[in-house]
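Q: Chains as they are written, first to last, in my numbering: chain E, 43 to 150; chain P, 370 to 955.
Beta carbons: idealized from backbone N, C-alpha and C, even for Gly.
Here it is: the structure, laid out below.
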Ligand SMILES: Cc1cc2nc3c(=O)[nH]c(=O)nc-3n(C[C@H](O)[C@H](O)[C@H](O)COP(=O)(O)OP(=O)(O)OC[C@H]3O[C@@H](n4cnc5c(N)ncnc54)[C@H](O)[C@@H]3O)c2cc1C
Ligand code: SF4
Ligand code: SF4
């Protein structure tokens, strides 16, 4: 389990670096983010939620049942307020989404 | 390396749940009045005091709350009293708790919850505007952004300064009184010597002592944050602070592989624990936290594993809510469901995690008085680093942050005159820097063996030794005196090799210090496990030499203190029923 940063999308804002609880993400000389210690990732997804251009995605890793699905989130306009949309890019090319309204509490 | 000397009134080490709330508690606006949001928690007369929070990551998302939480697990629901909570926690720990500490947090659960709501936390309400409860002690929240909410409140406090990305590795203690701490910036090549009149330690508990569930690529897919390495415990142990109940390890019952919590499945959709034969087994072993883990371990040992939470047959609506609930707190589990079978189609396999030392769930940590003063004068402890009060959770950590902050301010204001100036000597700074530079300068040592030495390798060896000989997953959490003796020998051997390690920069020096911290904590855990000659809590402390509970000899706290390099065990009598106050006798 770890994250992947798409450097093509990255704008070098540094927000992922700031929020990582393990300070695992660094910014290189070309102002692109990279994960320096991929095996140290806790999988908290803080960096993913923080990235303004959705350049970071998360994957499970084969050792814990991962099958290549990459996950990222985007903020989208909801009826009343912004909602968080989770994208699951599956191995077969299909994409599934789940919307979370931050103003609504979990049912469980 | 640059050297920076700083001076503050109150130093808070660790800007997590307890640390941030301690800072908010003493926050005041320029006029010396508490801001509206902070009403109720602030210490009015703390205006003018300088507060410094030092955090190894960035307080916005550091520590346990990084990923968000799903519920407030400790709340006094309608018709219940703080006394009920104390009784519950006491029963769950089979008596080995400090009633005074539990009382003092239970009385504050609802206050700090209301404060969190004012700060912006979303709490689910029913039609009448009452919080929606989950069971007798939980309330439902949308806690994804709980940490940014706390961090924003800290940022609003003009008298609080935050140093992010600075790792604290040692206290400055003279004549058993703390007067500051030492640290280094992991990204700015700076050494910090910080003088303070009082210090709150809030670095959380310790993960990564034992071999984890997924030791390969996903080794950090663990329940407790792998970045909480037991620094607070280790610094206290080395300076002779009294510690309590390190033998009461915490093992979580989790979803296999993803290590996602099971409570939401059990309480949310009423999923029962079943073995491979489909038999519901949870009632067979009892319902305390440790018995629940033990039940699953025992079913496996007796050949009836694997064990599951029975989710097959839940409705599509329930499934949808589960997928969302897990996205908010453990997204790995949702991914796992999406990539494999969803919970309505396949039961969710469960397993125990590696043992952690975490004073917010069990009772391990600093031995504190009711005001959260440790046995080192001027040092206060709050949250997972403080012992004696299990089942603390988020609200308990906040409550302890508040109590510790108020006590520290009271101490600063009463003893000001007694504080000597400029207590950190140049020589002490030089010694620390020399050690750091030794690691930075080493080109991998002289022998071939030393050259190939790495933090990763030593950490794995430590975890393997703890796993096999100090009651890890491998032995079904069981251990014997003979095994513990081997564990100690192994840990000491690894400790002797730490000096050969090499670091390229200060972040890597931090990894070396983290390893040292874990090794120090391991030795205390081993000493505590060996000292409790009974089995009071299955799995948490399963001593095969003493498989029965021994109330006569061990209805006591097992405490310890480092004296002349040796861990000395101290057995202390339990606080009496209903006791509300406990003082240290120095
Ligand atoms: C994954 C997870 C889910 C949880 N879910 C819930 C829940 O749903 N409901 C609930 O009530 N409770 C929950 N808990 C429990 C609760 O979150 C914790 O008990 C509580 O947050 C602990 O607070 P703390 O301040 O002691 O530790 P933390 O919040 O972890 O703070 C410790 C801080 O110290 C910093 N630090 C560590 N070492 C150093 C050092 N050497 N120098 C400087 N800084 C350092 C860390 O980076 C961190 O920011 C959960 C815990 C975990 C791990
Ligand atoms: S998921 Fe969390 S631990 Fe992993 S890189 Fe992102 S912020 Fe860091
Ligand atoms: S948050 Fe996104 S855009 Fe900003 S540095 Fe990180 S990856 Fe790049």
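Name the residues in the stretch 696 to 716 of chain P whose C-beta lies less than 9 angstroms from a C-beta of chain E; which are they?
A: Here the close residues are 696, 697, 698, 699, 700, 701, 703, 704, 705, 707, 708, 709.
Q: Between residue 106 of chain E and chain P, is there a C-beta pair that is closer than 8 angstroms?
A: Yes - at least one Cβ of chain P is within 8 angstroms of the one on residue 106 of chain E.
Q: Please name the residues in the stretch 130 to 149 of chain E whose beta-carbon is closer than 9 angstroms to at least one beta-carbon of chain P, in chain order.
A: Residues 130, 132, 133, 138, 140, 141, 142, 143, 144, 145, 146, 147, 148, 149.
Q: Any beta-carbon of chain P closer than 8 angstroms to the one on residue 103 of chain E?
A: Closer than 8 angstroms to some Cβ of chain P, the Cβ of residue 103 of chain E qualifies, so yes.
Q: Excluding the five sequence neighbours on either side, which residues of its own chain have a C-beta within less than 7 angstroms of the C-beta of residue 479 of chain P, listed in chain order?
A: Closer than 7 angstroms at Cβ, skipping near neighbours: 444, 445.
Q: Below 7 angstroms, is the gap between the Cβ of residue 500 of chain P and the nearest heavy atom of ligand 4?
A: This structure lacks ligand 4; the ligands present are ligand 1, ligand 2 and ligand 3.
Q: On the three-state DSSP scale, how would you describe residue 580 of chain P?
A: In this structure, residue 580 of chain P counts as coil in the three-state DSSP scheme.
Q: Please state whether DSSP places residue 681 of chain P in a helix, a strand or coil.
A: Coil at residue 681 of chain P, not helix or strand.
Q: So, helix, strand or coil for residue 796 of chain P, using DSSP?
A: Residue state, collapsed to three classes: helix.
Q: Residue 848 of chain P and residue 767 of chain P - do their beta-carbons sit closer together than 8 angstroms?
A: Their beta carbons are not under 8 angstroms apart, which means residue 767 of chain P does not touch residue 848 of chain P by this criterion.
Q: Chain E partners of residue 627 of chain P, CB-CB under 9 angstroms?
A: Under the 9 angstroms cutoff, chain E gives 43, 85, 102, 106, 107.
Q: Can you give the beta carbon distance from residue 698 of chain P to residue 439 of chain P, rounded, assuming they're within the 8 angstroms contact cut?
A: Yes, they are in contact, since the Cβ atoms of residue 698 of chain P and residue 439 of chain P sit about 4 angstroms apart, within 8 angstroms.
Q: Assign residue 314 of chain P to one of three DSSP states: helix, strand, or coil.
A: Any question about residue 314 of chain P goes unanswered here, given that chain P covers just 370 to 955.
Q: For chain P, check one thing: does any of its Cβ atoms lie closer than 8 angstroms to the Cβ of residue 99 of chain E?
A: Residue 99 of chain E does not count as touching chain P.
Q: Using 7 angstroms as the cut-off, classify the Cβ of residue 435 of chain P as near or not near the heavy atoms of ligand 3, replying yes or no.
A: Incorrect: residue 435 of chain P has no Cβ contact closer than 7 angstroms to ligand 3.
Q: Is any heavy atom in ligand 2 found nearer than 7 angstroms to the beta carbon of residue 598 of chain P?
A: Residue 598 of chain P Cβ: outside cutoff for every heavy atom of ligand 2.
Q: With which residues is residue 99 of chain E paired in a DSSP beta bridge?
A: DSSP, once it has assigned bridges, lists E:46 as partnering residue 99 of chain E.
Q: Please confirm whether residue 80 of chain E and residue 136 of chain E have their CB atoms less than 8 angstroms apart.
A: No. Outside cutoff.
Q: Tell me whether residue 88 of chain E counts as near ligand 2, meaning its Cβ is closer than 7 angstroms to at least one heavy atom of that ligand.
A: Yes, ligand 2 has a heavy atom inside 7 angstroms of this Cβ.
Q: Strictly by DSSP, which residues pair up with residue 624 of chain P?
A: Answer is P:719.
Q: Run through chain P and tell me which residues come within less than 8 angstroms of residue 113 of chain E, C-beta to C-beta.
A: Correct list: 700, 704.
Q: What are the residues in the stretch 56 to 67 of chain E lying within 8 angstroms of chain P by C-beta distance?
A: From the stretch 56 to 67 of chain E, only 60, 61, 62, 63, 64, 65 have a Cβ closer than 8 angstroms to chain P.
Q: How should residue 700 of chain P be labelled, buried or exposed, when 16 other C-beta atoms within 10 angstroms of its C-beta is the threshold for buried?
A: Per the 10 Å Cβ criterion, buried.
Q: With a cut-off of 8 angstroms, does the C-beta of residue 388 of chain P fall near any C-beta of chain E?
A: No, its Cβ sits nowhere closer than 8 angstroms to a Cβ of chain E.
Q: Given a threshold of 16 other Cβ atoms within 10 Å of its Cβ, counted over all protein chains shown, does residue 383 of chain P qualify as buried or as exposed?
A: Buried, since its Cβ has 16 or more Cβ neighbours within 10 Å.
Q: Residue 769 of chain P and residue 755 of chain P look like a contact to me (Cβ under 8 angstroms); what is the Cβ gap, rounded to whole Å?
A: Contact holds; Cβ gap of about 6 angstroms.
Q: Does the separation of the CB atoms of residue 125 of chain E and residue 583 of chain P fall below 8 angstroms?
A: Result no, Cβ atoms of residue 125 of chain E and residue 583 of chain P do not sit closer than 8 angstroms.
Q: Please tell me whether residue 82 of chain E has its Cβ less than 8 angstroms away from any Cβ of chain B.
A: Among the chains of the structure shown, chain B does not appear; the protein chains present are E and P.
Q: Taking just the CA atoms, how far does residue 612 of chain P sit from residue 938 of chain P?
A: The alpha-carbon atoms of residue 938 of chain P and residue 612 of chain P are separated by roughly 10 angstroms.
Q: Name the chain E residues whose beta carbon is nearer than 8 angstroms to that of residue 692 of chain P?
A: Chain E residues near residue 692 of chain P: 140.
Q: Would you report the Cα separation of residue 748 of chain P and residue 777 of chain P, rounded to the nearest angstrom?
A: Each residue's Cα considered, the two are about 8 angstroms apart.
Q: Under 9 angstroms, CB to CB, which of the residues in the stretch 496 to 520 of chain P have a partner in chain E?
A: Answer set for the stretch 496 to 520 of chain P: 501, 503, 509, 510, 511, 512, 513, 514, 516, 517.
Q: Check this for me: beta carbons of residue 764 of chain P and residue 441 of chain P, under 8 angstroms apart or not?
A: The answer is yes: Cβ separation under 8 angstroms.
Q: At a cut-off of 7 angstroms, is residue 517 of chain P close to ligand 3 when judged by its beta-carbon and the heavy atoms of the ligand?
A: Not under cutoff, so the answer is no.
Q: Using only CA atoms, which one of P:867, P:738, P:797 lies nearest to residue 472 of chain P?
A: Checked all of P:867, P:738, P:797; the closest Cα to residue 472 of chain P is P:738.
Q: Compare the beta carbon distance of residue 745 of chain P and residue 545 of chain P with 8 angstroms and say whether it is the shorter of the two.
A: Taking 8 angstroms as the Cβ cut-off, residue 745 of chain P and residue 545 of chain P qualify as a contacting pair.
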